[in-house]
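Colleague:
6 protein chains.
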Amino acid sequence: MKVGRRESFNAAHRLFKPEWSDEKNLAVFGKCSNPNYHGHNYVLETWVEGPIDPETGFVIDLKELKSIIREEISDKFDHRNLNLDVAEFKERIPTAENIAVVAWNLLRARLPQHLHLKVRLWETENNIVEYEG
Amino acid sequence: MKVGRRESFNAAHRLFKPEWSDEKNLAVFGKCSNPNYHGHNYVLETWVEGPIDPETGFVIDLKELKSIIREEISDKFDHRNLNLDVAEFKERIPTAENIAVVAWNLLRARLPQHLHLKVRLWETENNIVEYEG
Amino acid sequence: MKVGRRESFNAAHRLFKPEWSDEKNLAVFGKCSNPNYHGHNYVLETWVEGPIDPETGFVIDLKELKSIIREEISDKFDHRNLNLDVAEFKERIPTAENIAVVAWNLLRARLPQHLHLKVRLWETENNIVEYEG
Amino acid sequence: MKVGRRESFNAAHRLFKPEWSDEKNLAVFGKCSNPNYHGHNYVLETWVEGPIDPETGFVIDLKELKSIIREEISDKFDHRNLNLDVAEFKERIPTAENIAVVAWNLLRARLPQHLHLKVRLWETENNIVEYEG
Amino acid sequence: MKVGRRESFNAAHRLFKPEWSDEKNLAVFGKCSNPNYHGHNYVLETWVEGPIDPETGFVIDLKELKSIIREEISDKFDHRNLNLDVAEFKERIPTAENIAVVAWNLLRARLPQHLHLKVRLWETENNIVEYEG
Amino acid sequence: MKVGRRESFNAAHRLFKPEWSDEKNLAVFGKCSNPNYHGHNYVLETWVEGPIDPETGFVIDLKELKSIIREEISDKFDHRNLNLDVAEFKERIPTAENIAVVAWNLLRARLPQHLHLKVRLWETENNIVEYEG
Numbered sequence: 001m002k003v004g005r006r007e008s009f010n011a012a013h014r015l016f017k018p019e020w021s022d023e024k025n026l027a028v029f030g031k032c033s034n035p036n037y038h039g040h041n042y043v044l045e046t047w048v049e050g051p052i053d054p055e056t057g058f059v060i061d062l063k064e065l066k067s068i069i070r071e072e073i074s075d076k077f078d079h080r081n082l083n084l085d086v087a088e089f090k091e092r093i094p095t096a097e098n099i100a101v102v103a104w105n106l107l108r109a110r111l112p113q114h115l116h117l118k119v120r121l122w123e124t125e126n127n128i129v130e131y132e133g
Numbered sequence: 001m002k003v004g005r006r007e008s009f010n011a012a013h014r015l016f017k018p019e020w021s022d023e024k025n026l027a028v029f030g031k032c033s034n035p036n037y038h039g040h041n042y043v044l045e046t047w048v049e050g051p052i053d054p055e056t057g058f059v060i061d062l063k064e065l066k067s068i069i070r071e072e073i074s075d076k077f078d079h080r081n082l083n084l085d086v087a088e089f090k091e092r093i094p095t096a097e098n099i100a101v102v103a104w105n106l107l108r109a110r111l112p113q114h115l116h117l118k119v120r121l122w123e124t125e126n127n128i129v130e131y132e133g
Numbered sequence: 001m002k003v004g005r006r007e008s009f010n011a012a013h014r015l016f017k018p019e020w021s022d023e024k025n026l027a028v029f030g031k032c033s034n035p036n037y038h039g040h041n042y043v044l045e046t047w048v049e050g051p052i053d054p055e056t057g058f059v060i061d062l063k064e065l066k067s068i069i070r071e072e073i074s075d076k077f078d079h080r081n082l083n084l085d086v087a088e089f090k091e092r093i094p095t096a097e098n099i100a101v102v103a104w105n106l107l108r109a110r111l112p113q114h115l116h117l118k119v120r121l122w123e124t125e126n127n128i129v130e131y132e133g
Numbered sequence: 001m002k003v004g005r006r007e008s009f010n011a012a013h014r015l016f017k018p019e020w021s022d023e024k025n026l027a028v029f030g031k032c033s034n035p036n037y038h039g040h041n042y043v044l045e046t047w048v049e050g051p052i053d054p055e056t057g058f059v060i061d062l063k064e065l066k067s068i069i070r071e072e073i074s075d076k077f078d079h080r081n082l083n084l085d086v087a088e089f090k091e092r093i094p095t096a097e098n099i100a101v102v103a104w105n106l107l108r109a110r111l112p113q114h115l116h117l118k119v120r121l122w123e124t125e126n127n128i129v130e131y132e133g
Numbered sequence: 001m002k003v004g005r006r007e008s009f010n011a012a013h014r015l016f017k018p019e020w021s022d023e024k025n026l027a028v029f030g031k032c033s034n035p036n037y038h039g040h041n042y043v044l045e046t047w048v049e050g051p052i053d054p055e056t057g058f059v060i061d062l063k064e065l066k067s068i069i070r071e072e073i074s075d076k077f078d079h080r081n082l083n084l085d086v087a088e089f090k091e092r093i094p095t096a097e098n099i100a101v102v103a104w105n106l107l108r109a110r111l112p113q114h115l116h117l118k119v120r121l122w123e124t125e126n127n128i129v130e131y132e133g
Numbered sequence: 001m002k003v004g005r006r007e008s009f010n011a012a013h014r015l016f017k018p019e020w021s022d023e024k025n026l027a028v029f030g031k032c033s034n035p036n037y038h039g040h041n042y043v044l045e046t047w048v049e050g051p052i053d054p055e056t057g058f059v060i061d062l063k064e065l066k067s068i069i070r071e072e073i074s075d076k077f078d079h080r081n082l083n084l085d086v087a088e089f090k091e092r093i094p095t096a097e098n099i100a101v102v103a104w105n106l107l108r109a110r111l112p113q114h115l116h117l118k119v120r121l122w123e124t125e126n127n128i129v130e131y132e133g
C-alpha cells in the first residue's frame, strides 16, 4: 500500500555553476541562469509505502506525514531563495533533480526504516522529476 | 501496456473504531472522527495491465471497464455513507487505504486473471493512496 | 481590481425537505436525498473587489482574507455534517446555492463595506454556483 | 463574445517598500518580504471582448494574441526577477494586483481600441487577481 | 444566483472557408485548416442565472440541466466531425466562437425565458471563449 | 532518477478496421468508429530514467528533450488526422494504446541507450495509457 501527500512551496532559484564562465552557464542553462534569479510554485508529492496498520487502517497517519513535510521542506524551502537561503544548495545546483534528492534525504531521515519513500516534484505543469533513493 | 480509467464517487464517511472511547478516537483520528460524518469527492483511477489485443488494438475495451467500475464501485459507493450503507465497511474503518483495498477486491473479481490490476484513490487533491494487491 | 482566494472544506450533506414524504424527496432530489448522507470536497473561491491600497499594493491582505475565511467557513463547515452540525442549515436545505448564500452572508459581515463580495462554490468538478448578494 | 488565452511565466519577486524599515516590511508582507526573493509560476489569462469578424469567425486571431502576449509579457517577465529586471516595478511593489495592472497596460497599448481587455492572474493555485482597467 | 454545469465532447473540425483558395485558408487559419481535420476535447460550461426556488433550494435542477445539455450538445457534437456531421456548421466555420454561439442558441431554446444563459467553451487548456447572447 | 515532460497535440482519429463490416466496427468501437472522425487534445508525458549528470545536475536537459518530442511527436501528430496523415497508422488502428507504442518507438530511436523510456498518454481526462517498451 502506498500513501501520497501533496504539498507546495514557492521559491526562487538559479541554475549556475560558479566554476564556469557566464557564457558557458548561459549556453548550458539558458534563461534559467539569469543572475537575478527566477522562481516557481513547486509541488512535492511524498509517497510512503508499507503495510496497513490493522489498528488504525493507516500506513502512516497523514497528519503526521504532513507535519514532517512542513518541518523538513516547507519551513526550509518556502518563500526562500534556494541558492542563497538553503544550506544544501550551497554546493549543489538547485535543478529539479537535485531538489528532489535533497527533499528525499531530509524526509528519509525522519521516517521509520520499514517504510519505502519516493518523491515526485513538479517544477512547472510540464516539468516533473521522481526519485526513490 | 497499462490502461487507466478515472471515475469519481461522492460519499460520506467517518473514521471511528467502536472498541475505542470517543477520546481515543478523537486523539487518533482528529476531526475525521466527527460523529455526524463528513464527506469527499473521491476519485478512483483503475489501472489494468496486459498485452494489446492485436484484433482491436485494446488491452481492454474501456467501455467495458467503465461498466465494471460503475457496477462494482459507483453503484455501491456513490452518494452513500460508507460506514452505514456499504457492507464491506461494517467491520473495517473506511480510511482511504481500506477503501482502496475494498475497491481492488471488487474489481479483481470481475477482471480476467491475466490482467494485472492497480487502483489509485484521491480522497482530496492532496491525499492519495495506491494499491495493487 | 478583484482579488480571489481559494479554500476547500470536506463535508457531508443531504438534500431533504422534512415536510415532504420520502417518495417526494426521492423524486425531487434523487440519490442526493439518501437518508445516511453523502459528501463532497467543496471548493470556495472568495472574490473581493475594491481599489488597490497605494501603501501596500493590496486590495486586501490575502493573509487576512484567509484568516477570515478559515474562521467563518472552514472552522464551521470543514469535516462537518452540514444538515446536523451547522445552525444555518437547520431550516434551509444545503443545496450548493444555499451554501453559497450562507457563506456570502458570513463573509459579508466580516469585510469592510466598501469592498464588493462574490463567492463561487464547486460542489464537484462539474457543478458550480456563484453568488454576489 | 469574449476570447481568453492562458500563458504562464516563472519569475522571482519580493514584496518590499524601501521607505519602510525591515521590521515594518516583515510585519506587513510577512515571508513575502524575504530579502533574497522567492518565486512563482504565474499564469496569466488574457480576455478580449468584441464582435465576431464574419469573415474569419474570430474575435481576434489567437495566434496573433499569443504573439502579443509573448512579446509584451513572457519576453519581459519570464525567468526574470520582477523587482530587479523589470522597469515597471522599480517604483511599484510587484504584488499580484500591481503585476496585473502592468500587464493590462502593456497589452492594452497593443490591442485595437474597439476590443475590451481584462486580465486574470494566478500567483498560486489559491491566490488570483482580476483587472479590467 | 448563477449555476454552472461542465460537460465535455470530443470532436473533429477544420477551419476552412470554401470561397477562399487553399493558400488563403492556410495563411489565415494556419495548421487549423489541415484538409483531413484535427480535433479537440472541448469542455463546455453552461451557466444559468436566476432566483433560487424557495421550494427546492435550486435555481434549476442540475439533473435536468445536464439532460438538456446532453440532448442538445453531447448527442449532436460528441464523437462527430463538426464540419461534416453538424448541420449548423454547413455554412459557418466551426471556430470556438461560432461553436459557442451555436451551443448558446441550442440551449437558449430549451430554457425558461426568465433564466439568463451564458456559455464558456475551452477548445484547449489555453484557448477559451465566452458568450451570453 | 526519472524526469518527465508533458506536451500536448490535437488530432483527429477514428477506430476502424477495414477488413470488418461497418456493423462489426460499430459493434466493437461504438461511436469511436464514426466515418467522419472525431478528435482529442492528447497529452503525452515522456519519462526518461537515468543517473544525474554531476556536471549539470540534469538527467537530460529538458530543453533538449522538449526539442526531440516536438520533432518526433508534435510535428507529426499535432493538428493532423492520425488515420490519414500519419504513416504509422496506415495499418494500425490509432487506439490510445497504439499511439503510445508509436510515440515510444519514435522517441526511443532518438534517446541515448542508457536512458530508460516510458510514455503516458491521456486521450481524455479519464482515459490514460502507459507504455515502457
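Residue numbers (my numbering), protein chains in the order written: chain A, 1 to 133; chain B, 1 to 133; chain C, 1 to 133; chain D, 1 to 133; chain E, 1 to 133; chain F, 1 to 133. All residues carry an ideal CB built from backbone N, CA and C; glycine is no exception.
1) Could you give the C-beta distance for residue 73 of chain D and residue 106 of chain D, rounded to a whole number, given that I count them as a contact under 8 Å?
2) Closest to residue 39 of chain B by CA distance: which of C:47, C:121 and C:78 is it?
3) Within the chosen definition, does the stretch 42 to 54 of chain A reach the stretch 105 to 119 of chain B through at least 3 CB pairs nearer than 8 Å?
4) Spatial neighbours of residue 65 of chain F within its chain, please: C-beta separation below 6 Å, excluding the five flanking residues on both sides.
5) Determine whether the beta carbon atoms of residue 15 of chain E and residue 93 of chain E lie at a separation below 7 Å.
6) Please compile the residues from chain D whose C-beta is within a distance smaller than 9 Å of the C-beta of residue 36 of chain A.
7) Mind checking if residue 52 of chain A is an interface residue toward chain B, Cβ cutoff 7 Å exclusive?
8) Going by C-alpha to C-alpha distance, which of E:67, E:70, E:100 and E:42 sits closest to residue 118 of chain E?
9) Alpha carbons only, please: which of D:68, D:80 and D:98 is nearest the one belonging to residue 7 of chain D?
10) Any beta-carbon of chain C closer than 7 Å to the one on residue 3 of chain E?
11) Quick one: is residue 148 of chain D buried, meaning 16 or more other Cβ sit within 10 Å of its Cβ, or exposed?
12) Output yes if chain B places a C-beta closer than 7 Å to the C-beta of residue 114 of chain C; else output no.
13) Below 8 Å on the Cβ atoms is my guess for residue 81 of chain E versus residue 12 of chain E; work out the distance and round it to an integer in Å.
14) Going by Cα to Cα distance, which pick from D:104, D:62, D:19 and D:96 is closest to residue 125 of chain D?
15) Closest to residue 34 of chain E by C-alpha separation, out of E:20, E:25 and E:103, would be which residue?
16) Throw me the rounded Cβ distance for the residue 10 of chain F and residue 41 of chain F pair, which I believe falls under 8 Å.
17) Comparing the C-beta of residue 30 of chain C with each C-beta of chain D, is any distance below 7 Å?
18) For residue 127 of chain F, which beta-bridge partners are listed by DSSP?
19) Any idea what DSSP makes of residue 118 of chain F, helix, strand or coil?
20) Got a sec: is the Cβ-Cβ distance from residue 124 of chain E to anything in chain F below 7 Å?
21) CA-CA distance, residue 85 of chain F and residue 75 of chain F?
22) Could you tell me which of F:63, F:17 and F:19 sits nearest to residue 30 of chain A, measuring between CA atoms?
23) Whole angstroms are fine: how far does the CA of residue 102 of chain E sit from the CA of residue 88 of chain E?
24) Determine which residues of the stretch 40 to 64 of chain E have a Cβ less than 8 Å from any Cβ of chain F, and write them out in chain order.
25) Go to residue 15 of chain A, then tell me how far its alpha helix (DSSP H) extends in each direction, as first and last residue.
26) Alpha carbon to alpha carbon, how far is residue 23 of chain C from residue 17 of chain C?
27) Among E:32, E:123, E:90 and E:71, which one has its Cα closest to the Cα of residue 108 of chain E?
28) What residues in the stretch 90 to 103 of chain B have a beta carbon less than 9 Å from any beta carbon of chain A?
29) State the beta-bridge partners of residue 46 of chain F as determined by DSSP.
30) In or out: residue 19 of chain E buried (at least 16 other Cβ within 10 Å) or exposed?
31) Whole-angstrom Cβ separation of residue 56 of chain A and residue 59 of chain B, contact assumed at under 8 Å?
32) From which residue to which residue does the alpha helix (DSSP H) around residue 69 of chain C run?
33) Report the option in B:21, B:47 and B:133 whose CA atom is closest to the CA atom of residue 131 of chain F.
34) Could you compute how far the alpha carbon of residue 116 of chain D sits from the alpha carbon of residue 90 of chain D?
35) Taking only beta-carbon atoms, is residue 120 of chain D less than 7 Å away from chain E?
Modeller: Considering the structure as presented:
1) Indeed they touch by this definition, with Cβ atoms about 7 Å apart.
2) C:78
3) no
4) 5
5) yes
6) Those are 12, 37, 80, 81, 83, 84 and 85, listed as they occur along chain D.
7) yes
8) Sorting E:67, E:70, E:100 and E:42 by C-alpha distance to the C-alpha of residue 118 of chain E places E:100 at the top.
9) The option with the nearest alpha carbon to residue 7 of chain D is D:68.
10) yes
11) Since the first and last residues shown for chain D are 1 and 133, residue 148 of chain D lies out of range.
12) no
13) About 4 Å; that satisfies the 8 Å criterion.
14) D:96
15) E:25
16) 5 Å
17) Interface flag for residue 30 of chain C against chain D is unset, since no Cβ pair is found closer than 7 Å.
18) B:5
19) strand
20) yes
21) 11 Å
22) F:63
23) 7 Å
24) 40 and 41
25) Here residue 15 of chain A belongs to no alpha helix (DSSP H), and DSSP marks it neither H nor E.
26) 11 Å
27) E:71
28) 92, 93, 94, 95, 96, 97, 98, 100 and 101
29) F:5 and F:119
30) exposed
31) Not really, about 36 Å apart at Cβ, beyond 8 Å.
32) 62 to 69
33) Checked all of B:21, B:47 and B:133; the closest Cα to residue 131 of chain F is B:47.
34) 28 Å
35) no
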